[in-house]
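Have a look at the structure below, then the notes.
There are 2 protein chains.
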Amino acid sequence: VPAFPTTVSDRWNIIGGVPNGGYLLALCVRALAATLPHPDPLVVAASFLRPGAPGPADVQTELVRRGRRIATGEARLVQDGKEVVRALGSFADLAAANGRTVVLGEPPRLPPPDECETLDTSASPPEISIVNRYEYRFAEPPGWTRGQPSGDPRHEFWLRFSDGRPVDALTLPLVVDAAAPAVLELGEAGSSTVELTVHLRGRPEPGWLACRMSTRHLIDGFHEEDFEVWDETGRLVAQSRQLALLS
Amino acid sequence: VPAFPTTVSDRWNIIGGVPNGGYLLALCVRALAATLPHPDPLVVAASFLRPGAPGPADVQTELVRRGRRIATGEARLVQDGKEVVRALGSFADLAAANGRTVVLGEPPRLPPPDECETLDTSASPPEISIVNRYEYRFAEPPGWTRGQPSGDPRHEFWLRFSDGRPVDALTLPLVVDAAAPAVLELGEAGSSTVELTVHLRGRPEPGWLACRMSTRHLIDGFHEEDFEVWDETGRLVAQSRQLALLS
Numbered sequence: 465v466p467a468f469p470t471t472v473s474d475r476w477n478i479i480g481g482v483p484n485g486g487y488l489l490a491l492c493v494r495a496l497a498a499t500l501p502h503p504d505p506l507v508v509a510a511s512f513l514r515p516g517a518p519g520p521a522d523v524q525t526e527l528v529r530r531g532r533r534i535a536t537g538e539a540r541l542v543q544d545g546k547e548v549v550r551a552l553g554s555f556a557d558l559a560a561a562n563g564r565t566v567v568l569g570e571p572p573r574l575p576p577p578d579e580c581e582t583l584d585t586s587a588s589p590p591e592i593s594i595v596n597r598y599e600y601r602f603a604e605p606p607g608w609t610r611g612q613p614s615g616d617p618r619h620e621f622w623l624r625f626s627d628g629r630p631v632d633a634l635t636l637p638l639v640v641d642a643a644a645p646a647v648l649e650l651g652e653a654g655s656s657t658v659e660l661t662v663h664l665r666g667r668p669e670p671g672w673l674a675c676r677m678s679t680r681h682l683i684d685g686f687h688e689e690d691f692e693v694w695d696e697t698g699r700l701v702a703q704s705r706q707l708a709l710l711s
Numbered sequence: 465v466p467a468f469p470t471t472v473s474d475r476w477n478i479i480g481g482v483p484n485g486g487y488l489l490a491l492c493v494r495a496l497a498a499t500l501p502h503p504d505p506l507v508v509a510a511s512f513l514r515p516g517a518p519g520p521a522d523v524q525t526e527l528v529r530r531g532r533r534i535a536t537g538e539a540r541l542v543q544d545g546k547e548v549v550r551a552l553g554s555f556a557d558l559a560a561a562n563g564r565t566v567v568l569g570e571p572p573r574l575p576p577p578d579e580c581e582t583l584d585t586s587a588s589p590p591e592i593s594i595v596n597r598y599e600y601r602f603a604e605p606p607g608w609t610r611g612q613p614s615g616d617p618r619h620e621f622w623l624r625f626s627d628g629r630p631v632d633a634l635t636l637p638l639v640v641d642a643a644a645p646a647v648l649e650l651g652e653a654g655s656s657t658v659e660l661t662v663h664l665r666g667r668p669e670p671g672w673l674a675c676r677m678s679t680r681h682l683i684d685g686f687h688e689e690d691f692e693v694w695d696e697t698g699r700l701v702a703q704s705r706q707l708a709l710l711s
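Top to bottom, those sequences are chains R and Y.
Position in the first sequence counted from 1, then plus 464, gives you our numbering.
Position in the second sequence counted from 1, then plus 464, gives you our numbering.
As structure tokens, then:
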């Protein structure tokens, strides 16, 4: 079993000072990329077993099946001998995919980024370091940011890394978990991801990413959160869904 | 590693005479249910590695993490020494979940089952034995069944097991893969599942299930297929998404 020693940074922390799940998943994806013969994470499904912590970690990987077009592997992120995340991932070469295209969905309807409002995260608790990694721009910021949740947990916004680094195929699984949970718009304090599945649909062009997130079914405390990412040229590049539990 | 010997029946075959992916997943889910301490498959994510075949199989399971409310395991369905499906599953007791409920989605708008048309599957090739396991009722059958695909791969219909057995939590993962692919409505011949993730949102009441399926993004041959299952009392009981490749 190949093991990739790594360090979980404290720069991607969410509420409670624990690392963001999408960040832990991105560490798994990077190790899978080094294990599998194809370059792009076509689909990755991750179970979040327990909270991680900033500090050392090992990502153990396994090549499960090597196919000509698609290869599948498994990654386990382990800290202090305990498994924190287990992820199954299938990789392919998206540049070599050449089948039919029919897109019936539409990108988010947003004014250009320069005409949108940058989300002011200065009042965010300092333990939530992840907000400094991204810049978010909204046509109208969510109600919960003004203490007035609207009851409709559905948002569209622009996003990019605040340091100007372009988002690529290996960092898209991070982006789909980059925003505050949609259930904040229902007046909830937060929620914990049980499982997150990401589909990569294309390599993003450099620039802003147009995001659409929503929760439509909160049932007995469990809810889905759907996330779409479209690049600045109007192409869908990622689609994800997570199952989460209100905290 | 516990191993559950089983037989893959030939009664759930799809095109090509291979077993349906949802059926193979249901075999994994049954073995996970025998491995994990909680009764309901809350979320299951499966990678389809190679086609299965009717005949003997082993399902090997692993208890990955036992939590008080949620337990996670892994199952591998193996035939002839080759891994066919790998599934990660988290189980819980849905009857014990007691958090908040806010449902913003709506069940399919269908006339009552008795006023719908039963799908005539008599012209289906005999190798496709799975059509005899289900009864499907449509307000209006899909265009592809008349050789006239509409170009809009979105369907709503009633479904039940043809032998009258009620669908329960352990068989819901089978139901979300029970219909012909939505892309047939784009004039395509079929498609192969790469990955399928199912969320269980409730235990279904006995009776008909109202299903909604759609594909909105076919890109370079890859597409998602979304599936919702609502029970006859109007409660969402399952939500799934798969990533598939046109065949």
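Even glycine gets a Cβ: it sits at the ideal position worked out from N, Cα and C.
{"query": "Just to make sure I have the definition right: I need the residues of chain R whose C-beta is within less than 7 Å of the C-beta of Y/A653. Which are they?", "result": "Within chain R, no residue comes near Y/A653; the closest Cβ sits about 12 Å away, beyond 7 Å."}
{"query": "Hey, is R/A674's beta-carbon within less than 7 Å of any beta-carbon in chain Y?", "result": "no"}
{"query": "Please determine, among Y/F468, Y/V662, Y/R475, Y/T471, the residue with the shortest C-alpha to C-alpha distance to Y/I592.", "result": "Y/R475"}
{"query": "Does R/S704 come within less than 7 Å of chain Y when only Cβ atoms are used?", "result": "no"}
{"query": "Does Y/V639 come within less than 7 Å of chain R when only Cβ atoms are used?", "result": "no"}
{"query": "Between Y/V647 and Y/S656, is the Cβ-Cβ spacing less than 7 Å?", "result": "no"}
{"query": "To which residues of the same chain is Y/P606 closer than 6 Å at the C-beta, ignoring the five residues directly before and after it?", "result": "H619, E649"}
{"query": "May I have the straight-line CA-CA distance separating R/L673 from R/I594, to the nearest angstrom?", "result": "17 Å"}
{"query": "With 8 Å as the limit, tell me which residues of the segment 556 to 569 of chain R have their beta carbon closer than that to any beta carbon of chain Y; keep them in chain order.", "result": "L558, A561, N562, G563, R564, T565, V566, V567, L568, G569"}
{"query": "Starting from the Cα of R/L491, find the closest Cα among R/P668, R/T525, R/G481, R/I479 and give me that residue.", "result": "R/T525"}
{"query": "Where does Y/V549 land, buried or exposed, given buried means 16+ other C-beta within 10 angstroms?", "result": "buried"}
{"query": "What residue range does the beta strand (DSSP E) around Y/L527 cover?", "result": "519 to 530"}
{"query": "What are the boundary residues of the beta strand (DSSP E) that R/R618 is part of?", "result": "618 to 625"}
{"query": "Whole angstroms is fine: what's the gap from R/G671's alpha carbon to Y/L568's?", "result": "33 Å"}
{"query": "May I ask you to report which of helix, strand or coil DSSP gives Y/G485?", "result": "helix"}
{"query": "Is the beta carbon of R/V640 sitting closer than 7 Å to the one on R/A708?", "result": "no"}
{"query": "Quick one: measure Cβ to Cβ for Y/S554 and Y/L506, integer angstroms, because I've assumed they're closer than 8 Å.", "result": "5 Å"}
{"query": "Using DSSP with H/G/I as helix, E/B as strand and the rest coil, what is Y/A644?", "result": "coil"}
{"query": "Grouping DSSP H, G and I as helix and E and B as strand, with all else coil, what is R/P577?", "result": "helix"}
{"query": "Per DSSP, what kind of secondary structure is R/S554 in: helix, strand or coil?", "result": "strand"}
{"query": "Whose Cβ in chain Y lies nearer than 8 Å to the Cβ of R/R680?", "result": "V567, L568, G569"}
{"query": "Quick check on DSSP: helix, strand or coil for R/S593?", "result": "helix"}
{"query": "Can you tell me whether Y/N562 is buried or exposed, with buried defined as 16 or more other CB within 10 angstroms of its CB?", "result": "exposed"}
{"query": "By a C-beta neighbour count over all protein chains shown, 10 Å radius and 16 as the cutoff for buried, is Y/V465 buried or exposed?", "result": "exposed"}
{"query": "With a 10 Å radius around its C-beta and 16 neighbouring C-beta atoms as the bar for buried, classify Y/D557 as buried or exposed.", "result": "exposed"}
{"query": "Taking a contact to mean a Cβ-Cβ separation below 7 Å, would you say Y/T536 touches R/S511 in this structure?", "result": "yes"}
{"query": "For Y/V639, report the span of its alpha helix (DSSP H) as first-last.", "result": "636 to 639"}
{"query": "Do three or more CB pairs link the segment 600 to 614 of chain R to the segment 625 to 641 of chain R at distances below 8 Å?", "result": "no"}
{"query": "Can you tell me which of Y/R573, Y/V523, Y/G531, Y/T697 puts its alpha carbon nearest to the alpha carbon of Y/A539?", "result": "Y/V523"}
{"query": "Cβ of Y/R529 versus every heavy atom of the ligand FAD: is any distance shorter than 6 Å?", "result": "The ligand content of the structure shown is nil, which means the ligand FAD is not present either."}
{"query": "Under 7 Å between the Cβ atoms of Y/L552 and R/L552?", "result": "yes"}
{"query": "Please list the terminal residues of the continuous beta strand (DSSP E) segment that includes Y/Q543.", "result": "535 to 543"}
{"query": "Distance check for R/R533 and Y/P590, CA to CA, integer angstroms please.", "result": "31 Å"}
{"query": "Just reading off the beta strand (DSSP E) that Y/L583 is part of, what are its end residues?", "result": "That residue, Y/L583, is in no beta strand (DSSP E); it is neither H nor E in DSSP."}
{"query": "Output yes or no for whether 7 Å exceeds the beta carbon distance between R/A509 and R/T470.", "result": "no"}
{"query": "Going by the beta-carbon positions, is the gap between Y/T565 and R/D544 smaller than 7 Å?", "result": "no"}
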